[in-house]
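Written out below as structure tokens is the structure these notes cover.
There are 2 protein chains.
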Amino acid sequence: MSKRIVVVGGDAAGMSAASQAKRRGGADVEVIALERGRHTSYAACGIPYWVGGDVADAESLVARSPEAHRANGIDVRMATEALEVDLAGSVVVARGPSGAERIGYDELVLATGAHPVRPPLPGIDSAGVYGVATLDDGQALTGGLAGLRPDAGADRGRAVVVGGGYIGIEMAEALRKRGLAVTLVDALDEPMTTLDPDMGALVHRAMETMGIQVRTATAVTGILTDASGRARAVATADGEIPADLVVLGIGVRPTSELATRAGLAVGPSGGIRTDLRMRVVGQEHVWAAGDCVESFDRVSTSWVHVPLGTHANKQGRVVGINLTGGYATFPGVVRTAVSKVCDLEIARTGLREVDAAAAGFAHVAVTVRSTTRAGYYPGAAPVTVKMLAERGSGRLLGVQIVGREGSAKRIDACAVALWNRMTVEEMTGLDLGYAPPFSPVWDPVLIAARKAVDALAAAR
Amino acid sequence: MSKRIVVVGGDAAGMSAASQAKRRGGADVEVIALERGRHTSYAACGIPYWVGGDVADAESLVARSPEAHRANGIDVRMATEALEVDLAGSVVVARGPSGAERIGYDELVLATGAHPVRPPLPGIDSAGVYGVATLDDGQALTGGLAGLRPDAGADRGRAVVVGGGYIGIEMAEALRKRGLAVTLVDALDEPMTTLDPDMGALVHRAMETMGIQVRTATAVTGILTDASGRARAVATADGEIPADLVVLGIGVRPTSELATRAGLAVGPSGGIRTDLRMRVVGQEHVWAAGDCVESFDRVSTSWVHVPLGTHANKQGRVVGINLTGGYATFPGVVRTAVSKVCDLEIARTGLREVDAAAAGFAHVAVTVRSTTRAGYYPGAAPVTVKMLAERGSGRLLGVQIVGREGSAKRIDACAVALWNRMTVEEMTGLDLGYAPPFSPVWDPVLIAARKAVDALAAAR
């Protein structure tokens, strides 16, 4: 008899696990995937580009449709929500189009994703307030946009984005490109909160240049509604900001209620805890992957919630291999992230100053300005690199990069250095690619490493 | 009394050493730098862009002039050639504008650079045959260009580039941009000989698309001259190729005659051999850096000649630190190189298949095609990644990348992985930056690593 694998969640992690298991297991495995929404295997990270008009439609963001998965032998059940997991009985209770059912499993994979944070503020659930975690969220938002004055040019309407993380900033840009007057509000001192504030200030300036109003250090106290109950303004400690449309970009939290109710291990972030093979801690036949889990941060040696499609895909693949007699591990993250906003490329890996302090590291930090290409080569543009190293050991702790085209993917070399626990002294010798169209003769990353070495010597 | 440091060679390596020593040593050191040409601290790697018109003039390629170095306290002597080194007497014999002189030293730095290979063919030294190693070479070539029909549009003249390495290809493109009909000739089967032939074939096609004639597998037998002794054609086994201008892009060799005559250690490539601190092997007070030395290849564990400005700068800095009571090493290279030709970005690190075999590695090689951005994101363009791994251990041995914008600097992550002796299995977990404008959700490098893991399993 074949082994039955039940996957809860039909996006990146779940369908990577399902696909890998079916490909490897063939007729030896029966794979059932439950998805409560209307899409499978889609790129939620592409939603800002869809909203902004760079991507034509939702379908473009779908990597593999339910039909395509079915053609590969996976029993995909759409509009089907898992309600309970009965661990003792190895059964999932689900409700689909034809009612509730109990589905027995030999192996269970939880890939329930994440959902936008909705702080408990008055009016937060009003009509006209949108999240951006799923394609259905994106559909609702583009629908809301269509309802504004479609051809009014620069006066189509007013959008307020709550939250200055990368999703909030990407959405602010997207809405600006669609002709709205956009205000971004955040309680912190600078936007792009994945960076230290001094680097975030560079993003702040770029956003203002693009005509986005940025209200920092401003706490949102509620959403004000009109007589019909529709959002009409965002209330803050400094007054109201009128809004035809409100987007929540505060971040996401793991969707782990199903796991919690079943008594599975969940960390402080709300993410499910797994071992290196992505097996849920303390369980023999339950696995988890994607935005609903915590990942091991190799630098701070703590467990963190890092909802990114790239981790979801890797973790899903690891689960699929382990479910079918193979051996694979997800060795953790170093918190690399890149984004593009207002012609600025933004990247980070490892720890910010606040993270380093929280992890107990004493550190030095240096910031250098250089150019993306040799200074004499056409198109050479500014790039700023901030680098953190541990005092004493000199070990690299983190890098942040903000600059024009050709800046962001420079973070990858730093991420691999971090992964391998290199010191900044060792990094000064790295053999990075040099040619005038790609780099000054000293790559900006190497200049930063040299400065960090000097700072370490001064801090002795 | 202050220590006297004599530096032979005023380009990247020599002046990095001189500058670092003077900055650190101050009044404790006297630094004399001898340069036989007319420029200091210039970017020879920028010559193709100057010839092609992307860079306005030679001065743009000069990072620091003799005057600027003098203002920093360095005694720069231009048009001064070192003729002999008397190791026993610690004296350099030099000839400058005011005749020959003997200059005593406490520490000697050899940074004599490299010169274009001129195979011993009939006519190779004729007028109209140009190298591209120094700014003076570049000046001669742009002078030669100016002598052609300046405003004849597509019919300005005919150039033949001998040699299909990256310099030859960059020069072919530059001359094409200046309106010449360009033919590139090489004895090997594919151009871009820093890559394996299958990857070179991608470059071959791009060059033809740009209107460059590529004659591979064609041995050059000589340069034919007119009555005045000026080059008029390149002779090959397959007939003559008419030429108004011939450019040698066969590569360069270390300029180490001075060292050889003094009895210093020189390797098979002709490059001076040093220890990790860049001290010449067997010498107490003689150092060497830049295009005139051999570097340790960390992957093949052999000594190789890799003439690149980035190494020259690093090695010069290491010498300057060691000369002034500090401690620094040049830990070797992994043979990373990037270039841009005809809208193609080209990169390599580590070993090609032929290098792996020569080093005694048994290997697997895989090639994947992916895109530079998420498939749905505007501007997603093809990129091809080839990856080599050692059979058995699975250790990464080398990577080659050819693709459109956003391809080449992906090599840096591979170079750092190689530096740290990662296996391709370990690489599949790497936390590289992902966002739709920069990468598919599986970075092309990670896809290649996964395929390499599969190939290793199949090769067991």
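Chains as they are written, first to last, in our numbering: chain W, 25 to 484; chain Y, 25 to 484. Glycine residues also receive a C-beta, built at the ideal position from the N, C-alpha and C atoms.
- Contact note: Y/L85 reaches chain W through Y400, using a C-beta cutoff of 8 Å and chain order.
- One Cα belongs to Y/T334, the other to W/Y458, and the distance between them is close to 6 Å.
- Interface flag for W/A459 against chain Y is set, since a Cβ pair is found closer than 8 Å.
- The distance from the Cβ of Y/M102 to that of Y/E59 is about 5 Å, consistent with a contact at the 8 Å cut-off.
- Listed along chain W, no residue sits closer than 8 Å to Y/P406 by beta-carbon distance, the nearest being about 17 Å off.
- Rounded to the nearest angstrom, the gap between the Cα atoms of W/D222 and Y/G453 is 31 Å.
- Taking C-alpha positions only, Y/D81 is separated from Y/G162 by approximately 10 Å.
- Closer than 8 Å to the CB of W/L347 there is not a single CB belonging to chain Y.
- Counting along the chain, the unbroken alpha helix (DSSP H) around W/A41 starts and ends at 36 to 49.
- Between W/T447 and Y/T249, the alpha-carbon positions lie close to 57 Å from each other.
- W/R415 sits close to W/H387, with the two beta carbons spaced by under 8 Å.
- Y/G113 and Y/G306 have their alpha carbons spaced roughly 16 Å apart.
- In the DSSP assignment, Y/A389 falls within the unbroken beta strand (DSSP E) covering 387 to 395.
- The closest CA to that of Y/G246, considering only Y/Y401, Y/V238, Y/P266, is found on Y/P266.
- W/R445 counts as exposed, since fewer than 16 other C-beta atoms from the protein chains shown sit within 10 angstroms of its C-beta.
- Along the region 44 to 72 of chain W, going in chain order, the ones with a CB nearer than 9 Å to a CB of chain Y are A67, C69, G70, P72.
- Distance from the Cα of Y/R303 is smallest, within the candidate group Y/G273, Y/L470, Y/Q339, Y/S324, for Y/Q339.
- When DSSP states are grouped into helix, strand and coil, W/W443 belongs to the helix group.
- For the pair W/A57 and W/S26, the CB atoms are not nearer than the 8 Å cut-off.
- Around the beta carbon of W/L288, a 10 Å sphere encloses 16 or more other beta carbons of the protein chains shown; the residue is thus reported as buried.
- Distances from the CA of W/V238 to each of W/L219, W/T218, W/E214, W/A257 were compared; the closest alpha carbon is that of W/E214.
- By the neighbour-count criterion, in which a residue is buried when 16 or more other Cβ atoms sit within 10 angstroms of its Cβ, Y/P121 is exposed.
- Not one beta carbon of chain W lies nearer than 8 Å to the beta carbon of Y/S394.
- Rounded to the nearest angstrom, the gap between the Cα atoms of W/L226 and W/D467 is 21 Å.
- In summary, the residues of the region 433 to 451 of chain Y whose CB is separated from some CB of chain W by less than 8 Å are K433, R434, I435, D436, A437, A439, V440, A441, W443, N444, M446, E450, in the order they occur in the chain.
- By the Cβ test, the region 422 to 430 of chain W is not in contact with the region 393 to 408 of chain Y, since fewer than three Cβ pairs between them sit closer than 8 Å.
- Within the same chain, Cβ atoms closer than 6 Å to the Cβ of W/G224 are found at E214, P215, M216, the five residues on either side in sequence being excluded.
- For Y/D455, at least one C-beta of chain W is nearer than 8 Å to its own C-beta.
- Taking the Cα positions, W/L272 is about 8 Å away from W/V141.
- W/C316 and W/T373 do not touch by the CB rule: their CB atoms are close to 23 Å apart, not below 8 Å.
- Around W/V153, the same chain offers I247, A255, V270, L272 as residues with beta carbons nearer than 7 Å, after the five sequence neighbours per side are excluded.
- For Y/V378, the nearest beta carbon of chain W is not closer than 8 Å to its own beta carbon.
- The contact set of Y/G333 on chain W, defined by CB atoms closer than 8 Å, consists of Y458, V465 in chain order.
- When only Cα atoms are considered, W/N346 and Y/L421 end up about 28 Å apart.
- For W/M451, the uninterrupted alpha helix (DSSP H) run begins and ends at 448 to 451, by DSSP.
- Between Y/D179 and W/A398, the alpha-carbon positions lie close to 32 Å from each other.
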